[in-house]
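Inspection log for the structure reproduced underneath, given as C-alpha cells.
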Amino acid sequence: MSLSTAQSPLLIATSLGKKYLMALSGLFLVSFLPVHLIGNLLLFKNDGGAAFDAYSVFMSTSTIIRVLEVTLVAGFLVHIAEGILLTLKNKAARPVGYKGGSGGRVQSFFSKYMALTGSIILIYLIIHINSFTLKHRIYEPSNTAFYHTVRSAFETGWGGLYAWFYVGAMLLLAFHLNHGFQSAFQSLGLNHKKYTPLIKKVGLLYSVVIPAGFAAIPVYFQLKFLRVF
Ligand code: HEM
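Going by the numbering used here, the sequence shown opens with residue 18, and the numbers climb by one from there.
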C-alpha cells in the first residue's frame, strides 16, 4: 500500500480509516449476497411459491432478522458514503487533464468504473427495495404472496423490461464485485505473494457465480412467461 508523503500523519490516519471502512463494509455486503441468493433460490421450487412465501414471511417478521437488517442498512450506508467521499477525494487529487487514473495511480478498467457501477447498483437497489420490501411492509402489509409479487414483476413489470433491467444490473454488479473483492483485501493491507493471486481467483469466481445466480431468476420467469419451456 503506498501513501503520499505530502499527507500529514492525521490525514493518513483519516484516509486509511476511510479505506478500511470501505473495505470492511464491502466485505460485510459480500457476505450478505450468498445468503440472500440461497433464500431466493426457493423461487425455483416447483410448489407454487409455498416455500418462498413461508421463507419471506419469516424474513419480514422475525425480530432477529430485523436486527440483522438494521446492521445491513448501516453497512450499505457506510459503503455508499465512503464511496462518495473516496471518489470526490480521488477527483480532487487528479491533475487537471489527467484521464488515466485516481490520485496519480494507474487504474484498471474495473477500478475506473467503480463509482459508476456503484451508482447504478444503488439505483437498482432503490427500485428493488421499493418493488419487494416496501410493497409488502408498507404499501400492502397484509399481502403475504411474495412469490406472486416476484413472479409478476419479472413476467410483466415495465412491460417485460423489469426482468432485463435486473440482468443488466447483475452484469454491473459482477464488474463491481470483481474489482471490489480483491481491492478490499489490498485496502486492509493483506498483500501476499502467495495469497493475493488466490484472493483474486476467489473474487473472480464469486463475482461470476453470485450475480449469475441472481440473474437466473428474472431470466427463468421471463422464459417461462414467453413459454420457451
Ligand atoms: C433476482 C434477484 C433477487 C430477488 C428475486 C430478490 C428478492 C428480494 C425480496 C423478495 C426481498 C424482500 C424481502 C422482505 O421484505 O422480507 C428483497 C429484499 C432485499 N434485497 Fe433482494 N432480491 C434479488 C437480488 C438482490 C440483489 C442483487 C441485492 C443486492 C445487490 C439485493 C438486496 C436486497 C436488500 C438490501 C433487501 C432489503 C433487505 C431485506 O429485506 O432483507 N437483492 N429481495
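Each residue gets a CB set at the ideal place from its N, CA and C atoms; glycine is no exception.
Query	Result
Which listed residue (P235, F192 and K218) has its alpha carbon closest to that of W175	P235
Through-space distance from I82 to G121, alpha-carbon basis	Because the pLDDT of G121 is 46, which lies under 50, any placement of that residue in the model is unreliable, and the number read from its coordinates should be weighed accordingly. Whole-angstrom Cα-Cα distance: 43 Å.
Contact test: I138 Cβ vs ligand 1 heavy atom, cutoff 7 Å	yes
Proximity below 8 Å, CB of S77 to CB of R168	no
DSSP state of A162 mapped onto helix, strand, coil	coil
Inter-residue Cα distance where the pair is L59 and V245	21 Å
Closest residue to I137 among A229, G185 and N195 (Cα-Cα distance)	G185
T88 - containing alpha helix (DSSP H), residue span	T80 to A110
N147 (DSSP reduced to helix, strand or coil)	helix
Three-state class that DSSP yields for D64 in the structure shown	coil
Pairwise C-alpha distance: F75 and G197	31 Å
Heavy atom of ligand 1 within 7 Å of E86 beta-carbon	yes
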